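**Student:**
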Amino acid sequence: MSQQILKTGVKDLLELLFHPKDLGTYLSPATRAQEGTMGHHLLTSQRPAGYQKEVPIEYIYETPDYRLNVGGRIDGLIASDTEMTVEEIKTTYSSLADLTPDRYPSHQAQLQLYVFFVMAKYPDRKVSGRLTYLNLDDLSERSFTPKISLESAQKLFISLATQYLHIHNGRDQWLKVRNDSIAGLSFPFTGRRTGQDELMDMVTLAIDQERDLLVEAATGIGKTIGVLYPALKSLAQSDRYSQIFFLTAKTAGKEILRKTILASQKSGLHLRTVFIEAKERVCLSPGCQCHPNYCLYARDYYSKVEKIESQIFTEELISPELIIEYAKQYQICPFEFALDLSINADLIVCDYNYVFDPGVYLKRFFLQSGRKDFLFLVDEAHNLATRGRDMYSATLDLQSLVSFRTAILTDRPKVAACCRTVEEFFQGWLREIAQEERPGIRLSSLPDFFEPALERLSASIEFMLREHLPPQMRQKIQEFYFSLTAFTRITALAGKEYAIYVKKEEERTFLRLFCLNPGPLLRRRIDQGRLAIFFSATLSPISYFQELLGAHSDSLRLQLTSPFPQETRLYLHVPGIDTRYKSREISAPALVRCLSELVTSKIGNYLIFFPSYTYLKALWPQLNQTLAGKANLFAQTSAMKEGQRHEFLRRITSIGTGRSNVGLAVLGGLFGEGIDLPGEQLIGAAIIGPAIPVISDEQELIRLYFDERNGEGFLFAYLIPGLIRVIQSAGRVFRTPEDKGVVLLVDDRFLDERYQELLPPDWFKPGRPFSNSNYQSLLRAFWNE
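Going by our numbering, the first residue of the sequence shown is number 3, and it counts up by one from there.
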């Protein structure tokens, strides 16, 4: 049997042996890594002639079954005909006087491995090692020269390599079980819906050709299994794909996927699936700091996890509930446990931010640059455009800087000085704002020394957090530190896709890095995998989403219309009602009459979607008075908690109350998408206005950007985002082929050709008028059919 060739790195091997005991005992921001790299370059540049920097090296270890190539990069190498010295460089903010040779065993082990590799490559030379520390504060250095024998270094390497191959062998055995099950997996549901075969064929083509795919498929086609089934087949049929990321922003999307996996398991599928939930949703110590001094579940985390990881994978489908069950039993952090389990998962189910957000992305997968064997399946992909813009934008507030300095840093002159340096930039911007007599100024770029000032401030605060601090002080420092590093990360990305501005609002002054076009930034992450398949019920126009999602220009496209019969779906526009802000008071009586006609045309459950809470609240008294005794009225409120959301849905979906249940909700809000109310749970909806975003500074910046880029500023900034909300909200009514329902559209802008071109074509039924002032008769006739 031929050997299997494997490749890994020195750092990967060392992680098998060296890791922290507890969670939260260290912080390692990107700024620190950048400063460490700069420190390396500074130190090596001062070495004498003949000193070799960043020397690549590889060692090959062979067994009957495997050929393991272990690569690394030596910081520095001094070579002569008879002797060689391997130098490993580490940077620190700690006092060098306190260092001892065995302070950091992992550093010594790394040096040992590199010395061993050089010994093996040059057996005729005497090889020694030098471990050098550089203090990033005062640029002083200190070196140690531990004695390293060939025998001890070789013993360490073989121990690590054996452990690595043992883990890999277990993985190989699992892959055979998984791939055999996928090869024999038949479609897990009885019959295929209209459009599903076409969808699966296109997904297969995209995977085979490694091309992005954008799929717009109406509700009812079965998008989840239509995308997942061919993706699973690709795992077994090709070594190009090792893991699938299923990205979804909604709980409903995760639940549909879970049911799909369970159905597939009944058909014989073996697949390790891990669901990653938001940290705050699974935390067992809410409000507690993620530090072993304060959280039981962070204490001794790594030694506990090693004992149970193989045990939990016997379940295969690792749900948040299962993870919490194990976390409680073994007293480990459930969130971190899910992240650790994801390394060995075949399918990872998580929110978009765990792949794309610069602050919380899964560093286990994406910290190292380069292309991996990942396949991204992006559910409800229309959400990613807005979410991407939010993830790649950041704000730094002057008042938070001042407050932090004055409240925390009274006895920290060095950190306070770093803080003042950043504040001085704000003072300069404020003077410019005052001179121009405007509320804000736009910057073409950040000042040259601004980013280094932020990095120094971050690094100095990180050093504080390594100390033993009172809990309340640590909490405040950590909160500021996380917000500062989040902003600093974005400064490294801010380029031509950004608007950078400073604004003064009453007592607040802030610097804003606003992402105008998230597409190029999303693309960078997608390029770390093989391809992305974006799917949603609303991905029109495709060109808009191709731009904002970062899909390649040669992306494949597929649009599938609704498989539901048109006879059971009524989309009806009510003319003559203007819902623009200036006309709302005048049009209110006509709107109330219209909505009353809708919810009394047939007793049932309805949702009325408003463009804002303000409009909803303004109309509530008149609606409540008009519908008294005819319907039960309930309203969405801002900042609803999960229990309140469930109660709202329970009330508006009740059946058998003898009168209609009417929920007032907000377009683009909690109930505008991601809820599944089939059958009699929801029989009608009214859409009040086209949900055009309110004109604001940032919407105008988007408009100006796309006006210049493609001449479609209004379309990209206002019209498309608004109509996406409309289409999603209307989609709550029709969930199965058996559903019969009504969608009422109110506002004459829906008659504008520009608007109608963006609405689904199956909303317009031949022979049935889309807009009709005699809508009352049409409603009654429809329900009597």
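Here a beta-carbon is modelled for each residue, glycine too, at the ideal position from N, C-alpha and C. The model shown is predicted, which means the values in this text are computed figures rather than measured ones.
(1) CA-CA distance, residue 618 and residue 340?
(2) Counting pairs of beta carbons, one from the region 372 to 385 and one from the region 297 to 305, are three or more of them closer than 8 Å?
(3) Just tell me which of 346, 185 and 135 has its CA closest to the CA of residue 98.
(4) Tell me whether residue 94 sits in a helix, a strand or coil according to DSSP, three-state version.
(5) Could you spell out the range, first to last residue, of the beta strand (DSSP E) harbouring residue 575?
(6) Classify residue 723 as helix, strand or coil using the three-state DSSP reduction.
(7) Taking its Cβ as the centre, do 16 or more other Cβ atoms sit within 10 Å of residue 483, making it buried, or is it exposed?
(8) Rounded to whole angstroms, what's the CA-CA distance from residue 644 to residue 763? Just pull it up for me.
(9) For residue 203, which residues in the same chain have their Cβ closer than 6 Å to its Cβ, ignoring the five residues on either side in sequence?
(10) I'd like the ranges of any alpha helix (DSSP H) spanning at least 4 consecutive residues and lying wholly in the region 193 to 269.
(11) Are the Cβ atoms of residue 85 and residue 77 separated by less than 9 Å?
(12) Using the Cα positions of residue 187 and residue 606, report the straight-line distance between them to the nearest angstrom.
(13) Assuming residue 781 contacts residue 600 under a Cβ cut-off of 8 Å, what Cβ separation, rounded to an integer in Å, is found between them?
(14) Should residue 222 be labelled buried (16 or more other beta-carbon atoms within 10 Å of its own) or exposed?
(15) Along the chain, where does the alpha helix (DSSP H) containing residue 433 start, and where does it finish?
(16) Can you tell me where the alpha helix (DSSP H) with residue 489 in it begins and where it stops?
(17) Report all residues from its chain with a CB closer than 7 Å to the CB of residue 28; omit the five preceding and five following residues, and keep chain order.
(18) Near residue 592, what residues of its chain come up, given a Cβ to Cβ distance below 8 Å and the 5 sequence neighbours on each side ignored?
(19) For residue 149, which of helix, strand or coil comes out of DSSP?
(20) Which parts of the region 296 to 372 are runs of the alpha helix (DSSP H), unbroken and 4 residues or longer, counting only runs that do not cross its ends?
(21) Count the C-beta pairs between the region 224 to 233 and the region 739 to 759 that are closer than 8 Å, then say yes if the count reaches three, no if not.
(22) Taking C-alpha atoms, which residue in 46, 774 and 287 lies nearest to residue 573?
(23) On a Cα-Cα basis, can you pick out the residue from 343, 735, 66 and 596 that is closest to residue 308?
(24) What is the DSSP secondary structure of residue 683, reduced to helix, strand or coil?
(25) CB residue 407 to CB residue 425, shorter than 9 Å?
(26) Counting along the chain, where does the beta strand (DSSP E) carrying residue 9 start and finish?
(27) Flag this pair as touching only if the region 273 to 282 and the region 307 to 322 have three or more C-beta atom pairs under 8 Å; answer yes or no.
(28) Rounded to the nearest angstrom, what separates residue 244 and residue 40 at their Cα positions?
(29) Would you report the Cα separation of residue 704 and residue 517, rounded to the nearest angstrom?
(30) Output the distance between the C-alpha atoms of residue 809 and residue 119, rounded to the nearest integer angstrom.
(31) So what does DSSP say about residue 61, is it helix, strand or coil?
(32) Just to confirm the assignment, what range does the beta strand (DSSP E) spanning residue 275 have?
(33) Residue 587: which of 575, 621, 554 and 561 sits nearest, CA to CA?
(34) Assuming the contact rule is C-beta atoms closer than 8 Å, residue 719 and residue 736 should be a hit. Round their C-beta distance to whole Å, please.
(35) Quick one: what does DSSP say residue 707 is sitting in, helix, strand or coil?
(36) In the structure shown, what three-state DSSP assignment does residue 16 receive?
**Tutor:** Based on what the coordinates show:
(1) The residue labelled residue 618 in the question sits at position 616 within the sequence shown. The residue labelled residue 340 in the question sits at position 338 within the sequence shown. One C-alpha to the other measures close to 41 Å.
(2) no
(3) Counted from its first residue, the sequence shown places residue 98 at position 96. Closest option to residue 98, Cα to Cα, is 135.
(4) Position 92 of the sequence shown, counted from the start, is the residue given in the question as residue 94. The answer is strand: DSSP assigns residue 94 an E or B state.
(5) One-based indexing of the sequence shown puts residue 575 at position 573. Per DSSP, residue 575 belongs to the beta strand (DSSP E) from 571 to 576.
(6) Taking the first residue of the sequence shown as position 1, residue 723 is located at position 721. Three-state DSSP puts residue 723 in a helix.
(7) Along the sequence shown, read from residue 1 onward, the residue named residue 483 stands at position 481. Buried.
(8) Here the question's residue 644 lines up with position 642 in the sequence shown. Here the question's residue 763 lines up with position 761 in the sequence shown. Their backbone Cα atoms lie some 35 Å apart in a straight line.
(9) Position 201 of the sequence shown, counting from 1, holds the residue named residue 203. Closer than 6 Å at Cβ, skipping near neighbours: no residue.
(10) 198 to 211, 225 to 239 and 253 to 268
(11) For the purposes of this step, residue 85 is identified with residue 83 of the sequence shown, where counting begins at 1. For the purposes of this step, residue 77 is identified with residue 75 of the sequence shown, where counting begins at 1. Not closer than 9 Å, so no.
(12) Translated into the one-based positions of the sequence shown, residue 187 becomes position 185. Translated into the one-based positions of the sequence shown, residue 606 becomes position 604. Their Cα atoms are separated by approximately 42 Å.
(13) Walking along the sequence shown from the start, residue 781 turns up at place 779. Walking along the sequence shown from the start, residue 600 turns up at place 598. Rounded, the Cβ-Cβ distance is 7 Å, consistent with contact.
(14) As a position in the sequence shown, residue 222 is number 220, starting the count at 1. Flag for residue 222 reads buried.
(15) In the sequence shown, counting from the first residue as 1, residue 433 sits at position 431. Run containing residue 433: 415 to 438, per the alpha helix (DSSP H) assignment.
(16) Taking the first residue of the sequence shown as position 1, residue 489 is located at position 487. Its alpha helix (DSSP H) spans residues 473 to 493.
(17) Position 26 of the sequence shown, counted from the start, is the residue given in the question as residue 28. Bear in mind that a pLDDT of 49 at residue 28, under 50, signals an unreliable position, so the model cannot answer this.
(18) Residue numbering aside, residue 592 sits at position 590 when the sequence shown is read from its first letter. Cβ neighbours of residue 592 beyond the five flanking positions: 578 and 579.
(19) Taking the sequence shown and counting its residues from 1, one reaches residue 149 at position 147. In this structure, residue 149 counts as coil in the three-state DSSP scheme.
(20) 303 to 314, 322 to 332, 336 to 344, 355 to 358 and 365 to 368
(21) no
(22) Working through the sequence shown from its first residue, we reach residue 573 at position 571. It is 774 whose Cα lies nearest to the Cα of residue 573.
(23) For the purposes of this step, residue 308 is taken as residue 306 along the sequence shown, with counting starting at 1. Nearest option by C-alpha distance: 343.
(24) By one-based count along the sequence shown, residue 683 stands at place 681. In the structure shown, residue 683 sits in a helix (DSSP, three-state: H, G or I).
(25) The residue labelled residue 407 in the question sits at position 405 within the sequence shown. The residue labelled residue 425 in the question sits at position 423 within the sequence shown. Cβ atoms of residue 407 and residue 425: closer than 9 Å.
(26) The residue you call residue 9 lines up with position 7 of the sequence shown. It spans 6 to 11 - the beta strand (DSSP E) in which residue 9 sits, taken as one unbroken run.
(27) yes
(28) Working through the sequence shown from its first residue, we reach residue 244 at position 242. Working through the sequence shown from its first residue, we reach residue 40 at position 38. When rounded, the distance between both Cα atoms is 35 Å.
(29) As a first step, residue 704 must be located in the sequence shown, where it is residue number 702. As a first step, residue 517 must be located in the sequence shown, where it is residue number 515. Residue 704 and residue 517: Cα-Cα distance of roughly 9 Å.
(30) One cannot answer for residue 809 here, as it falls past the ends of the chain, which runs 3 to 787.
(31) Position 59 of the sequence shown holds residue 61. DSSP places residue 61 in strand when its eight states are reduced to three.
(32) Within the sequence shown, numbered from 1, the residue matching residue 275 stands at position 273. Run containing residue 275: 275 to 277, per the beta strand (DSSP E) assignment.
(33) Taking the first residue of the sequence shown as 1, we reach residue 587 at position 585. Of the candidates 575, 621, 554 and 561, the one whose C-alpha sits nearest the C-alpha of residue 587 is 621.
(34) Locating residue 719 in the sequence shown gives position 717, counting from the first residue. Locating residue 736 in the sequence shown gives position 734, counting from the first residue. That belief does not hold up - the Cβ atoms of residue 719 and residue 736 are roughly 29 Å apart, past 8 Å.
(35) Along the sequence shown, one-based indexing puts residue 707 at 705. DSSP places residue 707 in helix when its eight states are reduced to three.
(36) One-based indexing of the sequence shown puts residue 16 at position 14. In the structure shown, residue 16 sits in a helix (DSSP, three-state: H, G or I).
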